[in-house]
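Have a look at the structure below before the remarks.
In the numbering used here, the protein residues as written are 515 to 1170.
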């Protein structure tokens, strides 16, 4: 009976699987693309930055939300597409802009799969290569933050895909899509321009299929996306029309430029527009010399090699080199096209001086990945053919062992890069920006801040409506314009603050804190502890505050200027714990190095803040602080030790 049942049902099962195969086979690549995208998307969202970021990323986050005009080249495509993601009913507005990067990187992976399958002639090699590219640090890092580079990689990949399709079949539709994607890429990031030699080579090789109609349609498809740049003057006209008379009196420049809604690189004229969209204002970054005029040719090459090694190990590089040889022997012209594309992008990336160099190489890494896929595909195909030809189980074992070995490229990339790329706990710029905006700044104050923190502060002001009364200006305290703003603020009696990090270097290994320094305090302070001790003929220590929040204890000293002084003073502050171990030490100008005491005005009050980061093992109890003032000789760069005046502050309680 069982045998009869099996003999009856088995033909039905076989027929069912045959029918499923017929249905799945034509769409198999589509299903693979969906699966690859889902895997990448899950990883990218898991490691996505949860909130606001610093510098350029912070700028993207508020520019996308308010439809502003960011720095060169204006990036209209990115701003408009990112704006669409801000409309999603998910997370906070900053996270939504970060999510846009993850979506762009996710969409890139299926395209990479199709490219890798085309050159590698192996689905398995294409799957391995696509996942490997997904977990390379450059693409992954661009997927975790608000930046234009994931969109750039997507558009470059799409352009190359349609270029290769046009190269293969000469179909006019692929030509038009290639031109369209390339035009879109140029409205996002100028690094995409440097795949143009490869595209022109493809066009030249297929010149026999061209006629005037195709040329016209291709030109039209290329030029249409460039019309997106009209967004810049149209939107700038609206933003620049808003002007506060009070802010004009403080800083006679368009308010939208002063408060960062329109980039300071933009001038609302035809020449200014061209300068912005062509990035001519950044042409000084092109070349092997750094900002100080030193030749960095060797350093650039060393950096390029270091960045490459971050993406792939030496054996993977060797496989890519083998892939060049294989593709050159199999499809010489296609190999040359890819080499021209990758080589052009790599050469320009080495030539450019910028912090984002690792992202500039993404197009070159994509081409390298395709050569890697070529080698892996050739090896797998050779093993599969031998196994089928000789029908030996040992050869089949070798074939599957090779698949497992190559699969370790994406697996190890995921494993080793996960902790480095994971930004899911990165909330420090939320903390920094909120610390400034919640620091009881006076109404209608002027806040000058470095770029690193100016953009997250502006995000909270413009997008989340936190302290919109404050005018946040990005300016360096070493530039003459900073001093002009400070003098104007004093003349107009507007409270003035400078947001200063300690230490200032963002790459410092020491814990960093941030404070809003008032020049001077807008109101008479009421310190927790009153002293009223004269440090010298000009300066009086009024009192101090000692507060602890989490693992940071803040010592705030309050000074009063009794009379003007021409003397430049420096201070030394040392905080010790109950076991006489030093927990904090500073030697610098009081209040700020950018506002020496000879600028202090009679009757003004100043707050001098020192943040003590309490590490693990910091004991509870009463801490002490020694505050010492010295005369300082700027010409000799030395302080006068004999002029030391020390005040000890005790009873600084830490813990319960």
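Note that beta-carbon positions come from the ideal geometry of N, C-alpha and C, so glycine has one too.
Report the residue from 848, 897, 949 whose alpha carbon sits nearest the alpha carbon of residue 715.
Closest by C-alpha distance to residue 715, out of 848, 897, 949, is 848.
Under 8 angstroms Cβ to Cβ from residue 863, same chain only, skipping five residues before and after it: list those, please.
Excluding positions up to five away in sequence, the list reads 705, 818, 871, 874, 875, 878.
Taking all protein chains shown into account, do 16 or more other C-beta atoms lie within 10 angstroms of the C-beta of residue 776, making it buried, or fewer, making it exposed?
Burial call: buried.
At the level of alpha carbons, what is the spacing between residue 1167 and residue 1119?
Residue 1119 has its alpha-carbon roughly 25 angstroms from the corresponding atom of residue 1167.
Where DSSP assigns a beta bridge to residue 988, which residues make up the other side?
Paired residue(s): 963.
Proximity below 9 angstroms, CB of residue 1086 to CB of residue 1145:
Residue 1086 is not a Cβ neighbour of residue 1145, given a cutoff of 9 angstroms.
Using only CA atoms, which one of 943, 837, 1116 lies nearest to residue 881?
Measuring C-alpha to C-alpha distances from residue 881 to each of 943, 837, 1116 identifies 837 as the nearest.
When the Cα atoms are used, what is the spatial distance from residue 1154 to residue 1012?
When rounded, the separation of the alpha-carbon atoms in residue 1154 and residue 1012 is 28 angstroms.
Select from 1041, 688, 566, 764 the residue whose C-alpha is nearest the C-alpha of residue 1057.
Checking every option, the nearest Cα to that of residue 1057 belongs to 1041.
Backbone secondary structure at residue 1170 - three-state DSSP
Look at residue 1170 here: in three-state DSSP terms it is coil, with no helix or strand label.
Rounded to the nearest angstrom, what separates residue 773 and residue 962 at their Cα positions?
One C-alpha to the other measures close to 10 angstroms.
Tell me which residues share the same chain as residue 1152 and place their Cβ nearer than 8 angstroms to its Cβ, disregarding the 5 neighbours each side in the sequence.
Excluding residues within five positions, the ones whose Cβ falls inside 8 angstroms are 1146.
Is the beta carbon of residue 891 closer than 9 angstroms to that of residue 638?
It is a contact, given that the beta carbons lie within the stated cut-off.
Which of helix, strand or coil DSSP assigns to residue 801:
DSSP, reduced to helix, strand and coil, places residue 801 outside both helices and strands of the structure shown, so it counts as coil.
Distance, residue 673 Cα to residue 659 Cα
The alpha-carbon of residue 659 is positioned some 24 angstroms away from that of residue 673.
Should residue 862 be listed as close to the ligand SAH, given that the test is whether its C-beta is under 8 angstroms from any heavy atom?
No copy of the ligand SAH occurs in the structure displayed, which carries no ligand at all.
Through-space distance from residue 609 to residue 644, alpha-carbon basis:
C-alpha separation (whole angstroms): 26 angstroms.
8 angstroms CB neighbourhood of residue 793 in its chain, flanking five on each side removed:
Answer for residue 793: 586, 587, 704, listed in chain order.
From residue 1071 to residue 1059, what does the alpha carbon distance come to, in whole angstroms?
Rounded to the nearest angstrom, the two C-alpha atoms are 7 angstroms apart.
Minimum C-alpha distance to residue 666 - residue among 689, 617, 680
Closest in C-alpha terms to residue 666, from the list 689, 617, 680, comes 617.
Which residues bound the alpha helix (DSSP H) around residue 571?
Element bounds for residue 571: 569-580.
Could you name the residues of the same chain whose beta carbon sits closer than 7 angstroms to that of residue 690, not counting the 5 residues immediately before and after it, in chain order?
Contacts found: 731, 732, 735.
Output yes or no for whether 9 angstroms exceeds the beta carbon distance between residue 633 and residue 885.
When the beta-carbon positions are compared, residue 633 and residue 885 come within less than 9 angstroms of each other.
Buried/exposed call for residue 933, threshold 16 Cβ in 10 Å:
Exposed is the call here.
Opposing strand residues paired with residue 1011 [DSSP bridges]:
Among the bridge pairs identified by DSSP, residue 1011 is matched with 961, 1032.
Assign residue 1061 to one of two classes, buried (16 or more other C-beta atoms within 10 Å of its C-beta) or exposed (fewer than that).
By the 10 Å Cβ count, residue 1061 comes out exposed.
For the 8 angstroms Cβ check, are there 3 or more pairs between the segment 554-565 and the segment 926-945?
Between the segment 554-565 and the segment 926-945 there are three or more inter-stretch CB-CB distances shorter than 8 angstroms, so the stretches are counted as touching.
Here's the rule I'm using: 16 or more other beta-carbon atoms within 10 Å means buried, otherwise exposed. How should residue 966 be labelled?
So residue 966 counts as buried.
Answer yes or no: do residue 883 and residue 577 have a C-beta to C-beta separation smaller than 9 angstroms?
In this structure, the beta-carbon distance from residue 883 to residue 577 does not fall below 9 angstroms.
Taking DSSP as the reference, what is the three-state secondary structure of residue 1156?
Residue state, collapsed to three classes: strand.
Measure the alpha-carbon distance for residue 760 versus residue 997 and round it to whole angstroms.
When the Cα atoms are used, residue 760 and residue 997 turn out to be separated by approximately 18 angstroms.
Let me confirm a value: residue 726 is counted as buried when at least 16 other C-beta atoms fall within 10 Å, else exposed. Which label applies?
With fewer than 16 other beta carbons inside 10 angstroms of its own, residue 726 counts as exposed.
For the alpha helix (DSSP H) that contains residue 933, what are its first and last residues?
Note, residue 933: alpha helix (DSSP H), 907-935.
Residue 1135, enclosing alpha helix (DSSP H) - first and last residue
Careful: residue 1135 lies outside any alpha helix (DSSP H), inside the beta strand (DSSP E) at 1135-1147.
With 16 other CB atoms within 10 Å as the buried threshold, where does residue 905 fall?
Exposed is the call here.
With distances taken between CB atoms, is the gap from residue 677 to residue 851 smaller than 9 angstroms?
Contact check for residue 677 against residue 851 passes: the beta carbons are separated by less than 9 angstroms.
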